[in-house]
Amino acid sequence: MEKNLDRILSDQKSKTKLSLLIFFSLFAAAAFLLSAGQIMGWVFLAMSLIIGATVILRIRRNREELAKLGDAAELQKKLDAWDTVYYPMFNLTVGTDFAVLEKPSLQVYPFRDMEKFEVGLAGDVRKVLFLTDREGRRHPVAETSRDDDKQADFDRVYNQVRTLFAQRTN
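In the working numbering, the protein residues as written are 406 to 575.
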């Protein structure tokens, strides 16, 4: 079985590889165009530098997010614990003291930083599970609509988070 950390990192690595491929392609095109005296080369150079900076910032941000759960060995141990559950429908991993949301970008929510959890309802059409931090910011971690196939998984996530928060306060 694939380990949780390996899955999370492989997704992040594949995004980084694709961005680097685009960066080097644009940079090579810029070098070629500039050597040929084409002004458009400056546009390609600027685009490649923007993508390069974005890649560096994404790598730094991902490291900072994962560091919220401790060093690499501690992180691996927490993610591979028997009571850590991965919900592929939401790209969400929930452990005893954290939640990791993988998409659209990597977000780590340690429960010690969260004041409460809430379910937002939009009539009977949509439900969203939020973790609310101590400053009152709500972070959506799971969402479902009435007619999608995520209802059962949403209920499992909700019940797991509710149980974890109840254990935390006792």
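All C-beta atoms, glycine included, are put in the ideal place defined by N, C-alpha and C.
Inter-residue CB distance, residue i and residue j (contact presumed, cutoff 8 Å)
i, j, result
"residue 558", "residue 494", "5 Å"
"residue 482", "residue 500", "Not really, about 10 Å apart at Cβ, beyond 8 Å."
"residue 576", "residue 534", "Since the displayed the chain opens at 406 and closes at 575, residue 576 lies outside it and no answer follows."
"residue 549", "residue 532", "5 Å"
Local Cβ density within 10 Å of residue i, reported as buried at 16 or more and exposed below that
i, result
"residue 417", "buried"
"residue 524", "exposed"
"residue 456", "buried"
"residue 566", "buried"
"residue 467", "buried"
Selection from the options that minimises the alpha carbon distance to residue i
i, options, result
"residue 428", "488, 459 and 411", "459"
"residue 431", "452, 414 and 439", "452"
"residue 568", "502, 475 and 543", "502"
"residue 471", "505, 444 and 490", "505"
"residue 486", "541, 546, 563 and 410", "410"
"residue 509", "515, 497, 440 and 517", "497"
DSSP-derived helix/strand/coil call for residue i
i, result
"residue 406", "With a pLDDT of only 37 at residue 406, under 50, the local geometry of the prediction cannot be trusted, and the value read off the model is given with reservation. Note: residue 406 maps to coil in three-state DSSP."
"residue 424", "helix"
"residue 538", "strand"
"residue 442", "coil"
"residue 495", "coil"
"residue 521", "strand"
Sequence-distant residues of the same chain with beta carbon closer than 7 Å to residue i, five excluded per side
i, result
"residue 575", "Because residue 575 carries a pLDDT of 49, less than 50, the predicted location of this residue cannot be relied on, and no value is offered for it."
Sequence-distant residues of the same chain with beta carbon closer than 6 Å to residue i, five excluded per side
i, result
"residue 492", "558 and 562"
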